[in-house]
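**Q**
Protein chains in written order, with my numbering: chain A, 1 to 310; chain B, 311 to 571.
Written out as structure tokens, the structure reads:
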């Protein structure tokens, strides 16, 4: 069962198409990374999925509720962290949370309880009665996350949750997102922080007006760059290049510096054979490690290449 | 309805922290209340023969038989009485413009519209937040005026001319509708401008018909009667309903959200 499903979802503003025939599915309980450059249409997509703006065409179903048909129910079942925290500066942290919780149909008692729960969880309880206007950027962001959670929504849209935060605050937020994942919530995460997306996301969609690619981070790496192994040898690597190339499962092998780079399909199974062949040929193996491409490599490859595979 | 009350409560919590705004709400009504009392008191000591030539005096039988001292106070008092209809226009324009435009400057509109609050609940909460203080301030200052007037008028007849049944009726029936019209105008305009002052300035156009009423009475074209007060009240209530409906239509969540970002 998917928490979020879109089919050919499109939104145009006049002649400008912001989101073009987006089709995707986010499994329930997953952290779904939605990556794309500035102006790619990410915020427009989130606004459509949160029933804030209507699509021009196409459809979406959020937690079983069809967009445009059950918008009120969608709003009840999603929490939204907007790009800017958007808090009432003259109200206290507690008043901000209680106000929003009550708009999400919680009675006064439960709204207070939820406010206390999340203020404690995010380390803001001691400042609960202070006006939010005096809060730091990190505190405001944490409070905005608490607001998005105040009605315990099964789906959470987080737009750049760690943007502008100092490393410590960013780490707190990341840890909190990991904790939310264990509670079974579906998290739709928009971010420019690629290491963060790599760390948190089960599934990633790279998007620039259109969906460029979707998959698990490891799958995207494998699809774009293949898998491989780096072998560092003591001595002349070039002398053993032909040994690697002669193995049937090796697609390619080359030497860079003192390291032998070998492209193969299944390092888990094939590395032992590779190492054995090299050792039997007389090579002295120092290190063997997976040849990893960063998510940044994947992202740049897709965005710059404009590769379109929906 | 419950959510409208939640919004109302939030608006007032925010308002409590806006000291400058609170002063803006309190000082002008106080001046509009005290200034007429001072002027009426002063005019009672300096009678003017020319007052009898005023159109208002000629046209309105209520002024018949008054001495020159009484006449000066009665004419001015009746005119000042109309100024109390400015209060329900003044107060909500200040609160409503800050209330709507403030959501933009705080960037709170998007999280607010992401909740399951309906547009009418949002607008009702914001309207009530402006309307209740507007009516309260109008009627309270009018009460202060009525009570203090007894101390400055030269006779009971002057008091009866100023605090007439027609004036009381007009104030009771028209103040809520006038406040609603102003709130609706401010809400509709606030969705299209970027700062509270612009919204107030544009909404101030609503004051023009009231000034026309003021001068019409002064030159004797219009004589306030109970029937006229009831007709004015009913007409304003109709206009208020139209204005609220219009504000609800003009407050397009999606357009406001995408334009304000």
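Virtual Cβ for every residue (Gly too), placed ideally from N, Cα, C.
For residue 218(A), count neighbouring Cβ atoms within 10 angstroms of its own Cβ and tell me buried if that reaches 16, exposed if not.
**A** Classification for residue 218(A): exposed.
**Q** If you follow the alpha helix (DSSP H) that residue 100(A) is in, where does it begin and where does it stop?
**A** Looking at the DSSP string, the run of the alpha helix (DSSP H) that includes residue 100(A) is 93-103.
**Q** Does the beta carbon of residue 186(A) come closer than 8 Å to any beta carbon on chain B?
**A** No, its Cβ sits nowhere closer than 8 Å to a Cβ of chain B.
**Q** Taking Cβ-Cβ distances shorter than 9 Å, what residues in chain A pair up with residue 558(B)?
**A** Neighbours of residue 558(B) on chain A: none; closest Cβ ~17 Å, over 9 Å.
**Q** According to DSSP, which residues form a beta bridge with residue 232(A)?
**A** DSSP lists 259(A), 287(A) as partners of residue 232(A).
**Q** DSSP beta-bridge partners for residue 159(A)?
**A** In DSSP, residue 159(A) forms a bridge with 190(A).
**Q** Given that a residue counts as buried once 16 or more other Cβ atoms are within 10 Å of its Cβ, and exposed if not, what is residue 178(A)?
**A** Counting Cβ neighbours within 10 Å, residue 178(A) comes out exposed, since fewer than 16 surround it.
**Q** Specify, as a first and last residue, the run of the beta strand (DSSP E) that residue 62(A) falls within.
**A** Its beta strand (DSSP E) spans residues 57-62.
**Q** In terms of residue numbering, what span does the beta strand (DSSP E) encompassing residue 26(A) cover?
**A** From DSSP, the beta strand (DSSP E) with residue 26(A) extends over 16-27.
**Q** Return no unless some Cβ of chain A is closer than 8 Å to the Cβ of residue 562(B).
**A** With 8 Å as the cut-off, residue 562(B) does not count as an interface residue toward chain A.
**Q** Report yes if the CB atom of residue 383(B) is closer than 8 Å to the CB atom of residue 473(B), and no otherwise.
**A** Not in contact: residue 383(B) and residue 473(B) (Cβ atoms no closer than 8 Å).
**Q** Which chain B residues sit within Cβ distance under 9 Å of residue 95(A)?
**A** Ordered by position in chain B, the residues that pass the 9 Å Cβ test against residue 95(A) are 320, 323.
**Q** When the cut-off is 8 Å and only beta carbons count, does residue 421(B) lie next to chain A?
**A** True, the Cβ-Cβ gap to chain A drops below 8 Å.
**Q** So for residue 446(B), helix, strand or coil by DSSP?
**A** Reduced to three states, the DSSP call for residue 446(B) is helix.
**Q** Check whether the Cβ atoms of residue 435(B) and residue 90(A) lie closer than 8 Å to each other.
**A** No.
**Q** For residue 151(A), is the classification buried or exposed, using 16 other Cβ atoms within 10 angstroms of its Cβ as the cut-off for buried?
**A** Result: buried.
**Q** Return no unless some Cβ of chain B is closer than 8 Å to the Cβ of residue 91(A).
**A** It does: the Cβ of residue 91(A) has a partner Cβ on chain B nearer than 8 Å.
**Q** Flag this pair as touching only if the region 393-401 of chain B and the region 271-291 of chain A have three or more C-beta atom pairs under 8 Å; answer yes or no.
**A** Counting Cβ pairs under 8 Å, fewer than three are found: no touch.
**Q** Taking 8 Å as the threshold (C-beta atoms), are residue 119(A) and residue 156(A) in contact?
**A** No, Cβ-Cβ distance for residue 156(A) and residue 119(A) is not below 8 Å.
**Q** At what residues does the beta strand (DSSP E) containing residue 31(A) begin and finish?
**A** 31-35 is the extent of the beta strand (DSSP E) around residue 31(A).
**Q** Answer yes or no: does any C-beta atom of chain B fall closer than 8 Å to that of residue 57(A)?
**A** Residue 57(A) does not count as touching chain B.
**Q** CA-CA distance, residue 123(A) and residue 477(B)?
**A** Cα to Cα, residue 123(A) sits roughly 59 Å from residue 477(B).
**Q** Taking C-beta pairs closer than 8 Å, name the residues in chain A that residue 265(B) reaches, listed in chain order.
**A** Because chain B in this structure spans residues 311 to 571, residue 265(B) falls outside the shown range and cannot be described.
**Q** Of all the options 330(B), 324(B), 448(B), 495(B), which has the alpha carbon lying nearest to the alpha carbon of residue 437(B)?
**A** Residue 495(B) is the option with its Cα nearest to residue 437(B).
**Q** Terminal residues of the continuous beta strand (DSSP E) containing residue 390(B)?
**A** First-last for residue 390(B): 378-393, but that is the alpha helix (DSSP H), not the beta strand (DSSP E).
**Q** Quick one: give me the first and last residue of the beta strand (DSSP E) that residue 7(A) is part of.
**A** 2-13 is the extent of the beta strand (DSSP E) around residue 7(A).
**Q** Quick one: grab the DSSP three-state call for residue 250(A).
**A** Here residue 250(A) sits in strand by DSSP.
**Q** Can you pull the chain A residues whose beta carbon is under 8 Å from the beta carbon of residue 417(B), in chain order?
**A** Simply 82, 84, 85, 86.
**Q** Quick one: residues in its chain with C-beta nearer than 8 Å to the C-beta of residue 215(A), no 5 flanking neighbours on either side, listed in chain order?
**A** For residue 215(A), where only same-chain residues beyond five positions count, the Cβ hits under 8 Å are 203, 204, 223.
**Q** Pick helix, strand or coil for residue 131(A), following the three-state DSSP scheme.
**A** Of the three classes helix, strand and coil, the one that applies to residue 131(A) here is strand, per DSSP.
**Q** One question on the structure: do residue 167(A) and residue 141(A) come within less than 8 Å of each other, judged by their Cβ atoms?
**A** No.
**Q** Let me check understanding here. Comparing Cα to Cα, which of 267(A), 36(A), 17(A), 82(A) lies closest to residue 425(B)?
**A** Per the Cα distances, 82(A).
**Q** Residues of chain A with CB closer than 9 Å to the CB of residue 328(B), please, in chain order.
**A** Near residue 328(B) (Cβ distances below 9 Å), the residues of chain A are 90.
**Q** Would you mind working out which of 451(B), 342(B), 444(B), 378(B) sits nearest residue 353(B), comparing C-alpha positions?
**A** Closest option to residue 353(B), Cα to Cα, is 378(B).
**Q** Is residue 316(B) close to chain A, meaning its C-beta is less than 8 Å from at least one C-beta of that chain?
**A** So, interface residue.
**Q** For residue 287(A), is the classification buried or exposed, using 16 other Cβ atoms within 10 angstroms of its Cβ as the cut-off for buried?
**A** Classification for residue 287(A): exposed.
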